[in-house]
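Participant: There's a structure below that I have some questions on.
2 protein chains.
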Amino acid sequence: MTETAKKEPGRRERKKAATRKALADAALELFLERGFEKVTVAQIAERADTAVTTLFAHFPGGKEALILGDGSERAASLAAAVRERGEGESVLDALERFFAGRGIFSSDQDHAFRRQVEFVTNTPKLRAYARQLWVSCEESLTKVMAEETGRPEGDLSLRLLARYVLEIPDLTALDPDPRRALEAAFGHLRRGWPGV
Amino acid sequence: MTETAKKEPGRRERKKAATRKALADAALELFLERGFEKVTVAQIAERADTAVTTLFAHFPGGKEALILGDGSERAASLAAAVRERGEGESVLDALERFFAGRGIFSSDQDHAFRRQVEFVTNTPKLRAYARQLWVSCEESLTKVMAEETGRPEGDLSLRLLARYVLEIPDLTALDPDPRRALEAAFGHLRRGWPGV
DNA sequence: GTGCAAAACTGTAGCGATTGCGGTTTTGAA
DNA sequence: TTCAAAACCGCAATCGCTACAGTTTTGCAC
Numbered sequence: 001m002t003e004t005a006k007k008e009p010g011r012r013e014r015k016k017a018a019t020r021k022a023l024a025d026a027a028l029e030l031f032l033e034r035g036f037e038k039v040t041v042a043q044i045a046e047r048a049d050t051a052v053t054t055l056f057a058h059f060p061g062g063k064e065a066l067i068l069g070d071g072s073e074r075a076a077s078l079a080a081a082v083r084e085r086g087e088g089e090s091v092l093d094a095l096e097r098f099f100a101g102r103g104i105f106s107s108d109q110d111h112a113f114r115r116q117v118e119f120v121t122n123t124p125k126l127r128a129y130a131r132q133l134w135v136s137c138e139e140s141l142t143k144v145m146a147e148e149t150g151r152p153e154g155d156l157s158l159r160l161l162a163r164y165v166l167e168i169p170d171l172t173a174l175d176p177d178p179r180r181a182l183e184a185a186f187g188h189l190r191r192g193w194p195g196v
Numbered sequence: 001m002t003e004t005a006k007k008e009p010g011r012r013e014r015k016k017a018a019t020r021k022a023l024a025d026a027a028l029e030l031f032l033e034r035g036f037e038k039v040t041v042a043q044i045a046e047r048a049d050t051a052v053t054t055l056f057a058h059f060p061g062g063k064e065a066l067i068l069g070d071g072s073e074r075a076a077s078l079a080a081a082v083r084e085r086g087e088g089e090s091v092l093d094a095l096e097r098f099f100a101g102r103g104i105f106s107s108d109q110d111h112a113f114r115r116q117v118e119f120v121t122n123t124p125k126l127r128a129y130a131r132q133l134w135v136s137c138e139e140s141l142t143k144v145m146a147e148e149t150g151r152p153e154g155d156l157s158l159r160l161l162a163r164y165v166l167e168i169p170d171l172t173a174l175d176p177d178p179r180r181a182l183e184a185a186f187g188h189l190r191r192g193w194p195g196v
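So the sequence lines, in the order shown, correspond to chains B and G. FYI, UniProt numbering numbers position 75 of the first sequence as 75, with every residue one higher than the one before it. FYI, UniProt numbering numbers position 141 of the second sequence as 141, with every residue one higher than the one before it.
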């Protein structure tokens, strides 16, 4: 068996996932209807027909996690993008490609998805939470970059770079041309701001 | 009269300032005694012998503002540092000097002050709030830099630079040698990370 | 199919931050 | 002295979130 560890869509798991989805769906609906701040967790739980305590059992991250999740795979995929980059590709190139492939930066997207991104961007608490999801990858990104470049683990330069890279999604969120903004940002990380 | 607009330490202003100070002092004491999360606003108000509503009247920013203030002068002094920089001094040089002159980066400091800085650094909510105080200067810093360098107002490069500069205090907060860290950070903003 | 423990879910109670409100005292200035 | 604004007060209420204790559901071994 080449199976390593996953395959169990038993009734239990299915129901759990359904509850989770009901909560997330209810939240998205209500948020888009009335705005993030005007919706209470009680209302979300009610529309999803669950108890408030169940809501928090599924989304310990609180209200904002209902739309944005807990970002649990971000760090891993980020690290993978760096580690498994092409032969001769630089770390920054790999990171730029990684972001370019993400939803926000590719031009062809679901209408609903666009709408949701815009909503998050225009809601301060959600935007701050989204940013934080990226920034919380700082430690792991710093570590991978240290491994891949042969620099010491605690290197300040790399911590700075990691943070700056992870701020990019937030910084380019409002730009009318995200792709161009992404290139500009990475260009500056490579070459700095000479002459300013 | 060369007087423009300030000079009134009437009884009213004095009492107001006293109340404010009583609140800030009570908060600092309690926080250092028991830790930020273990202190309630009710306890702070009680030690300061005021009502809770009075506390919020003085510090609308909430609990964290009791130690860190509302950062209302930051943006102005930052802009001034750039605008009134020496002849031939670059914008980045001026910003580096500005930060170097700030408490956290100069080696000779009050014991109490050091203790407070360390406390803020080690308390996640306070550290996040402190960072936010800097980042909220992003707009105004971007604007000044645009004026001073003759670039367009909405220039993305400058917004990126502003954010990155303002992240520096947070990024170097844990470094054992803040001065060196500051230099390293500005070095990278000038020259980027070539070869990474 | 019986039995049982863990997982998922429930309602209630309660804490703490923050706000709104209406009322009281203090203060500055006419 | 008089009056309005400012500062303060206490109270009630909202909202996010957690703790707790009890109930239902599910997976699984027997």
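Using N, Cα and C, we set each Cβ at its ideal position, and we do this for glycine too.
1) If you follow the alpha helix (DSSP H) that B/Val144 is part of, which residue opens it and which one closes it?
2) Quick one: is B/Ala185 near chain G, going by C-beta distance under 8 Å?
3) Just reading off the alpha helix (DSSP H) that B/Val91 is part of, what are its end residues?
4) Near B/Glu123, which residues of its chain fall below 7 Å by C-beta distance, leaving aside the five closest residues on each side in sequence?
5) Can you tell me which of the three DSSP states G/Val135 falls into?
6) When we look at the beta-carbon of G/Gly192 and count the other beta-carbons within 10 Å, is it buried (16 or more) or exposed?
7) Using a Cβ-Cβ distance cut-off of 8 Å, determine whether B/Gly91 contacts chain G.
8) Taking just the CA atoms, how far does G/Ser90 sit from B/Gly195?
9) Taking the alpha-carbon of B/Leu141 as reference, which of B/Leu174, B/Thr50, B/Leu160 and B/Ala184 has the nearest alpha-carbon?
10) Pull up the distance between the alpha-carbon of G/Pro152 and that of B/Val135, whole angstroms please.
11) Return the CA-CA distance between B/Ala146 and B/Val165, expressed in angstroms with no decimal places.
12) Identify, in the order they occur along the chain, each residue of the same chain with its Cβ nearer than 8 Å to the Cβ of B/Glu167, setting aside the five sequence neighbours on each side.
13) Please give the ranges of any alpha helix (DSSP H) in the region 16-71 of chain B, keeping only runs that are unbroken, at least 4 residues long and fully inside the region.
14) In three-state DSSP terms, what is G/Val120?
15) Would you call the region 27-44 of chain G and the region 176-189 of chain B touching, i.e. three or more CB-CB distances under 8 Å?
16) Given a limit of 7 Å on CB to CB distance, which residues of the region 48-65 of chain G reach chain B?
17) Kindly indicate which three-state DSSP category B/Ala181 falls into: helix, strand or coil?
18) Within 10 angstroms of the Cβ of B/Glu3, are there 16 or more other Cβ atoms? Answer buried if so, exposed if not.
19) Closest Cβ-Cβ distance between B/Thr121 and chain G: below 8 Å?
20) Indicate whether at least one CB of chain B lies closer than 8 Å to the CB of G/Glu193.
21) By DSSP, does G/Gly103 sit in helix, in strand, or in coil?
22) Pick helix, strand or coil for B/Pro176, following the three-state DSSP scheme.
23) Suppose contacts are defined by Cβ-Cβ distances below 8 Å. Is B/Pro178 in contact with B/Ile67 by that definition?
24) Contact defined as beta carbons within less than 8 Å: I believe B/Phe99 pairs with B/Pro169. What is the distance between those atoms, to the nearest angstrom?
25) At the level of alpha carbons, what is the spacing between G/Ala75 and G/Lys143?
26) Let me check understanding here. Comparing Cα to Cα, which of B/Glu118, B/Tyr129, B/Arg180 and B/Arg12 lies closest to B/Gly69?
27) Between which residues of its own chain and G/His58 is the CB-CB distance below 7 Å, once the five residues before and five after are set aside?
28) Give every residue of the same chain whose Cβ lies closer than 7 Å to the Cβ of G/Val82, excluding the five residues on either side of it in the sequence, and list them in chain order.
29) Between the C-alpha atoms of B/Gly61 and B/Ser72, what's the straight-line distance to the nearest angstrom?
30) Which residues of the region 143-157 of chain G have a Cβ closer than 8 Å to any Cβ of chain B? Give them in chain order.
Facilitator: Checking against the coordinates, here is how it stands:
1) Here residue 144 of chain B is taken as the residue at index 144 of the first sequence, counted from 1. Where B/Val144 is concerned, the enclosing alpha helix (DSSP H) stretches over Glu138 to Thr149.
2) Working through the first sequence from its first residue, we reach residue 185 of chain B at position 185. B/Ala185 counts as touching chain G.
3) On the first sequence, residue 91 of chain B is found 91 positions in, with the first residue counted as 1. The continuous alpha helix (DSSP H) containing B/Val91 extends over residues Val91 to Ala100.
4) In the first sequence, the residue the question calls residue 123 of chain B occupies position 123. Per the sequence shown, residue 123 of chain B should be read as Thr rather than Glu. The answer, listed in chain order, is Phe36.
5) As a position in the second sequence, residue 135 of chain G is number 135, starting the count at 1. Looking at G/Val135 - three-state DSSP - the assignment turns out to be helix.
6) Counting from 1 along the second sequence, the entry for residue 192 of chain G is found at position 192. Buried.
7) Residue mapping note: residue 91 of chain B aligns to position 91 of the first sequence, counting from 1. At residue 91 of chain B the sequence reads Val, which differs from the Gly that was named. At least one chain G Cβ lies under 8 Å of B/Val91.
8) Along the first sequence, read from residue 1 onward, the residue named residue 195 of chain B stands at position 195. Along the second sequence, read from residue 1 onward, the residue named residue 90 of chain G stands at position 90. When rounded, the distance between both Cα atoms is 8 Å.
9) Taking the first residue of the first sequence as position 1, residue 141 of chain B is located at position 141. Taking B/Leu141 as reference, the option from B/Leu174, B/Thr50, B/Leu160 and B/Ala184 with the minimal CA-CA separation is B/Leu160.
10) In the second sequence, residue 152 of chain G corresponds to position 152, counting from 1. In the first sequence, residue 135 of chain B corresponds to position 135, counting from 1. Answer to the nearest angstrom: the Cα atoms are 29 Å apart.
11) Here residue 146 of chain B is taken as the residue at index 146 of the first sequence, counted from 1. Here residue 165 of chain B is taken as the residue at index 165 of the first sequence, counted from 1. If I take the Cα positions, the gap works out to 15 Å.
12) Translated into positions along the first sequence, residue 167 of chain B becomes position 167. Answer for B/Glu167: Arg131, Trp134 and Val135, listed in chain order.
13) Scanning the region 16-71 of chain B for uninterrupted alpha helix (DSSP H) segments of 4 residues or longer gives 41-47, 52-58 and 65-68, listed from N- to C-terminal end.
14) Taking the first residue of the second sequence as 1, we reach residue 120 of chain G at position 120. If DSSP states are grouped into helix, strand and coil, G/Val120 belongs with the helices.
15) Under the Cβ criterion (8 Å, minimum of three pairs), the region 27-44 of chain G does not count as touching the region 176-189 of chain B.
16) Those residues of the region 48-65 of chain G that come within reach of chain B (Cβ to Cβ, closer than 7 Å) do not exist; the list is empty.
17) To locate residue 181 of chain B, count along the first sequence from 1; it is residue 181. Here B/Ala181 sits in helix by DSSP.
18) Your numbering for residue 3 of chain B matches position 3 in the first sequence. Because B/Glu3 carries a pLDDT of 35, less than 50, the predicted location of this residue cannot be relied on, and the following value inherits that uncertainty. If you draw a 10 Å sphere on the C-beta of B/Glu3, you find fewer than 16 other C-beta atoms in it, and that means exposed.
19) Stepping through the first sequence from its first residue, residue 121 of chain B is reached at position 121. So, not an interface residue.
20) Translated into positions along the second sequence, residue 193 of chain G becomes position 193. In the sequence under discussion, the amino acid at residue 193 of chain G is Trp, which differs from the Glu named in the question. With respect to chain B, the C-beta atom of G/Trp193 has a partner C-beta closer than 8 Å.
21) In the second sequence, the residue the question calls residue 103 of chain G occupies position 103. In this structure, DSSP gives G/Gly103 a helical state, which the three-state scheme calls helix.
22) The residue given as residue 176 of chain B occupies position 176 in the first sequence. B/Pro176: coil per DSSP, three-state reduction.
23) Residue numbering aside, residue 178 of chain B sits at position 178 when the first sequence is read from its first letter. Residue numbering aside, residue 67 of chain B sits at position 67 when the first sequence is read from its first letter. In this structure, the beta-carbon distance from B/Pro178 to B/Ile67 does not fall below 8 Å.
24) In the first sequence, residue 99 of chain B corresponds to position 99, counting from 1. In the first sequence, residue 169 of chain B corresponds to position 169, counting from 1. With 8 Å as the limit, B/Phe99 and B/Pro169 qualify as a contact, their Cβ atoms being about 7 Å apart.
25) For the purposes of this step, residue 75 of chain G is taken as residue 75 along the second sequence, with counting starting at 1. For the purposes of this step, residue 143 of chain G is taken as residue 143 along the second sequence, with counting starting at 1. Cα to Cα, the separation comes out at about 11 Å.
26) To locate residue 69 of chain B, count along the first sequence from 1; it is residue 69. When each option's Cα is compared against that of B/Gly69, the closest is B/Tyr129.
27) For the purposes of this step, residue 58 of chain G is taken as residue 58 along the second sequence, with counting starting at 1. Excluding positions up to five away in sequence, the list reads Thr19, Arg20 and Leu23.
28) Reading the second sequence from its first residue, position 82 is the one you call residue 82 of chain G. Same-chain partners within the cutoff: Val91, Ala94, Leu95, Val144, Met145 and Glu148.
29) For the purposes of this step, residue 61 of chain B is taken as the residue at position 61 of the first sequence. For the purposes of this step, residue 72 of chain B is taken as the residue at position 72 of the first sequence. Straight-line Cα distance between these residues: approximately 11 Å.
30) From the region 143-157 of chain G, only Met145, Thr149, Leu156 and Ser157 have a Cβ closer than 8 Å to chain B.
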